[in-house]
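Here the structure comes first, spelled out in structure tokens, and everything after it is commentary.
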Amino acid sequence: MHNGRRYPEDIYDRKWNSYFDKELWAEVTTNLTVNVDKSNELPHGVMATGATPLNEKDTLNMTWDVEPPTAKSYIYMYFAELKTLRANDTREFNMTLNGKYLSGPYSPIPLEAQTITAEEQQCDEGVSFAACEDVKLISSAST
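Taken in order, the sequence shown gives residues 2 to 144; the numbers are from our numbering.
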């Protein structure tokens, strides 16, 4: 993760951390507007970009170091379907946090941002997204 990026249109002036593994993931983008919940006021640039594994049998794994390691973490994950799926295709995935089931199967809504949150006393194994169905998974953003 890098030091974060700020978006001028973000009314909360948050730092957005991008986590992207160029060797394992492909970037997915859209020029269309992703609808966001007014309570989060997510910047368009954040929700218009995501990632998917290069190998569709792989999972998206995100790990990071927290200092101190025992610090409580508040995790906000934002998802939206950025691609038009074929009529019979489904994108579903399960999420784990620190190796334990967190949520799923989850299916993102087309161009509609949704938030999944979690609290952890210690975040040492990171977050993992595992596809359940026949379409590659895409992860959008985290703060």
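Quick reminder that beta carbons are idealized off the backbone N, C-alpha and C, glycines included.
Under 7 Å Cβ to Cβ from Ala119, same chain only, skipping five residues before and after it: list those, please.
Closer than 7 Å at Cβ, skipping near neighbours: Ile76, Leu98, Leu103.
What is the DSSP secondary structure of Gly5, counted as helix, strand or coil?
Gly5 falls in the coil class under three-state DSSP.
Can you tell me the Cα-Cα spacing of Tyr79 and Pro111, whole angstroms?
Straight-line Cα distance between these residues: approximately 13 Å.
Assign Trp26 to one of two classes, buried (16 or more other C-beta atoms within 10 Å of its C-beta) or exposed (fewer than that).
It is buried - the Cβ of Trp26 has at least 16 other Cβ atoms within 10 Å.
Given a cut-off of 8 Å, decide if Ser74 and Glu121 are closer than it, judged by their beta-carbon atoms.
Yes.
Quick one: Cα of Asn95 to Cα of Pro109, how far?
Cα-Cα distance, rounded: 12 Å.
Checking the sheet assignment: what are the DSSP bridge partners for Asn41?
Bridge partners of Asn41: none, in fact.
Taking DSSP as the reference, what is the three-state secondary structure of Gly100?
If DSSP states are grouped into helix, strand and coil, Gly100 belongs with coil.
Report buried or exposed for Ala52, applying the criterion of at least 16 other Cβ atoms within 10 angstroms of its Cβ.
Buried, by the Cβ-count rule.
Are there 16 or more other CB atoms within 10 angstroms of the CB of Arg92, so buried, or fewer, so exposed?
Buried.
On the DSSP bridge list, what partners appear for Ser108?
DSSP, once it has assigned bridges, lists no residue as partnering Ser108.
Tell me which residue opens and which closes the beta strand (DSSP E) that Thr116 is part of.
Looking at the DSSP string, the run of the beta strand (DSSP E) that includes Thr116 is 115-121.
With a threshold of 16 other CB atoms inside 10 Å of the CB of Asp135, please say whether the residue is buried or exposed.
Annotation note: pLDDT 43 at Asp135 (below 50); position unreliable, coordinate value reported separately. Its Cβ having fewer than 16 others within 10 Å, Asp135 is exposed.
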